[in-house]
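**Q**
Residue numbers (our numbering): 2 to 500.
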């Protein structure tokens, strides 16, 4: 069925429908207590009523400085119900950056956990006497304790958002510059969630566990379970035994996480078992083929690598239970999205050649806060990611703005990184372009050795020379103890360049 033939439901309508159809079903499992659909609906309506009574309304920004806790879901849904925009804040950023972000954003409310509030935030708060402050840990003086942040339930006669209204402001990772605030509508969330549900064949019987950071696509923590009438588990700790024990206790069937989590599970595979797990989804960063292979050997099921962005509101390419590759592919195009690869003139590139990944569909956001989305004249979103296609399968080839021109020849850092990661002693690799007087630019590599192993620089360069053209071989190579990361877990190449 075409997307245009279906009405996209806003979040509050979906929650109300599920609370009516499945009132006693447990929606959320958490160590501090479980919540049924009816209980969640009641909490959201009463928290929305509290926010409204305290001056928060349509278009206001509500900053969420929260980990993976139930309060994140309640506050997110309550803010969207009254037309306010929840804004998840990257609490892993330096404290000064968090304060500057809040100054620029001018929020009407902030909902935070005490352990994530930096001390320098007090100076900002002293300037903002009209800012509503809610503390979910119930510890901070002069903040409203979470248990008191509930009022009279918002009535059905109150204004309610439609599918075309904005739902939240989600920051891009900022891996190559200043983060931008992508503005997602209720319809964007609906169609992205529907795409994931159809691609991964999700049902009401599933139990979801998402281990992505709470500030990265927070709707993906709960939306799939909400739209299908399923259940979800929220877990803050990330250790193999706690994770597997949680999966076994609740019968988790759908797991979302980053590649390092799956590598960690694979390393403990002989002593762990997860019979209920049906979908092991990996996104946010490249998942190396050897991690896929190790996980498959340990658990007898594949890691389903996916690709998505803030601008596509989540996944748009995916390996799926009925069709997957464990060779590093990002997957095939999800339902309700279209994809193509284009050259610098905007023409389609042949299969096997590298081009810029462009996407279109109702899950793609309309723009950023104060900025327009990079699109071509036909409305295709220009992602800035370079990829190649083998039949229907897409493979990541680097960022467009990271491409290195060596004596006029194009070199994509990801091509070199993949070769370096083939070496058994290399755990992480990053490649950047540096100026060169003769060739214009050359590649410089940074690697991290496997735990307890050493890496010989000359051996690595020889390894590269055997596997790539001479112009692609890094002219410089450094071995580091660790590489700088941004909040999503991606390597921060901007910091490497600044070094």
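Yeah, the Cβ is synthetic: ideal placement off N, Cα and C, and Gly gets one too. In this text, all values refer to a predicted model and were calculated from it rather than measured experimentally.
Comparing C-alpha positions only, which one of 39, 181 and 197 sits nearest to residue 23?
**A** Out of 39, 181 and 197, 39 has the C-alpha closest to the C-alpha of residue 23.
**Q** Measuring alpha carbon to alpha carbon, tell me which residue in 385, 342, 374 and 70 is nearest residue 391.
**A** Here the closest residue by C-alpha is 342.
**Q** So what's residue 497 in DSSP terms, helix, strand or just coil?
**A** Here residue 497 sits in helix by DSSP.
**Q** Using CA atoms only, rank isn't needed, just tell me which of 393, 371 and 365 is closest to residue 381.
**A** Closest by alpha carbon: 365.
**Q** Is the beta carbon of residue 404 closer than 8 Å to that of residue 413?
**A** In contact: residue 413 and residue 404 (Cβ atoms closer than 8 Å).
**Q** State the Cα-Cα distance for the pair residue 262 and residue 246, rounded to the nearest angstrom.
**A** Cα-Cα distance, rounded: 15 Å.
**Q** Is DSSP giving residue 74 helix, strand or coil here?
**A** Looking at residue 74 - three-state DSSP - the assignment turns out to be helix.
**Q** Evaluate the contact criterion for the stretch 195-202 versus the stretch 342-354: three or more CB pairs, one atom per stretch, below 8 Å.
**A** Segments in contact, no.
**Q** Starting from the N-terminal side, write out each stretch of the beta strand (DSSP E) that is 3 residues or longer and does not extend beyond the stretch 342-423.
**A** The qualifying runs are 355-361, 382-391, 394-400, 405-407 and 410-412.
**Q** Could you tell me if residue 124 is buried or exposed, where buried requires 16 or more neighbouring beta carbons within 10 angstroms of its beta carbon?
**A** So residue 124 counts as exposed.
**Q** If you check the beta carbons only, do residue 90 and residue 102 fall under 8 Å apart?
**A** A contact, by the Cβ cut-off of 8 Å.
**Q** To which residues of the same chain is residue 148 closer than 8 Å at the C-beta, ignoring the five residues directly before and after it?
**A** Taken in chain order, the residues that qualify are 139.
**Q** Ends of the alpha helix (DSSP H) at residue 171?
**A** First-last for residue 171: 167-172, but that is the beta strand (DSSP E), not the alpha helix (DSSP H).
**Q** Taking only the alpha-carbon atoms, compute the straight-line gap between residue 9 and residue 168 and give it to the nearest angstrom.
**A** Going by the C-alpha atoms only, they are around 13 Å apart.
**Q** Closer than 6 Å by C-beta to residue 17: which residues in its own chain qualify, once you throw out the five before and the five after it? Chain order, please.
**A** No residues qualify anywhere along the chain.
**Q** Give the secondary structure of residue 85 by DSSP, where H, G and I count as helix, E and B as strand, and everything else as coil.
**A** If DSSP states are grouped into helix, strand and coil, residue 85 belongs with coil.
**Q** Shortest alpha-carbon distance to residue 26 belongs to which of 226, 479, 291 and 172?
**A** That would be 226, whose Cα lies nearest to the Cα of residue 26.
**Q** Checking the sheet assignment: what are the DSSP bridge partners for residue 477?
**A** Answer is 445.
**Q** Tell me, which residues are paired with residue 308 by DSSP?
**A** DSSP lists 318 as partners of residue 308.
**Q** Does DSSP put residue 158 in a helix, a strand or coil?
**A** Coil at residue 158, not helix or strand.
**Q** Can you find the residues in the same chain that come closer than 6 Å, C-beta to C-beta, to residue 252, ignoring five residues on each side of it along the sequence?
**A** Excluding residues within five positions, the ones whose Cβ falls inside 6 Å are 208 and 277.
**Q** Whole-angstrom Cβ separation of residue 288 and residue 310, contact assumed at under 8 Å?
**A** About 16 Å; that fails the 8 Å criterion.
**Q** Given a cut-off of 8 Å on the beta-carbon distance, is the pair residue 154 and residue 135 in contact?
**A** Contact: no.
**Q** In whole angstroms, what is the alpha-carbon distance linking residue 301 and residue 340?
**A** Cα to Cα, residue 301 sits roughly 31 Å from residue 340.
**Q** Between which two residues does the alpha helix (DSSP H) containing residue 432 stretch?
**A** Run containing residue 432: none in the alpha helix (DSSP H); it sits in the beta strand (DSSP E), 427-437.
**Q** Candidates 312, 158 and 133: which alpha carbon is nearest residue 146's?
**A** The candidate whose alpha carbon is nearest that of residue 146 is 133.
**Q** If you check the beta carbons only, do residue 82 and residue 13 fall under 8 Å apart?
**A** Closer than 8 Å, so yes.
**Q** Does DSSP put residue 216 in a helix, a strand or coil?
**A** In the structure shown, residue 216 sits in coil (DSSP, three-state: anything other than H, G, I, E or B).
**Q** When you compare the stretch 439-456 with the stretch 468-488, are there three or more beta-carbon pairs, one atom per stretch, that lie closer than 8 Å?
**A** Yes, the stretch 439-456 touches the stretch 468-488.
**Q** Among the candidates 321, 234, 397 and 327, whose CA atom is the shortest distance from the CA of residue 297?
**A** Taking only the C-alpha atoms, the option nearest residue 297 is 327.
**Q** If you draw a straight line from the C-alpha of residue 177 to the C-alpha of residue 156, how long is it?
**A** Confidence at residue 177 is low in this model, with a pLDDT of 48, below 50, so its placement is unreliable and the value that follows should be read with caution. If you take the alpha carbons of residue 177 and residue 156, they lie about 44 Å apart.
**Q** Helix, strand or coil: which one does DSSP assign to residue 257?
**A** Residue 257 falls in the strand class under three-state DSSP.
**Q** What residues in its chain sit with their C-beta under 7 Å from that of residue 378, if we drop five residues either side in the sequence?
**A** So no residue of the chain qualifies.
**Q** At the level of alpha carbons, what is the spacing between residue 419 and residue 161?
**A** Rounded to the nearest angstrom, the two C-alpha atoms are 49 Å apart.
**Q** Quick check: the Cα distance between residue 260 and residue 127, rounded to an integer number of angstroms?
**A** Roughly 41 Å separates the two Cα atoms.
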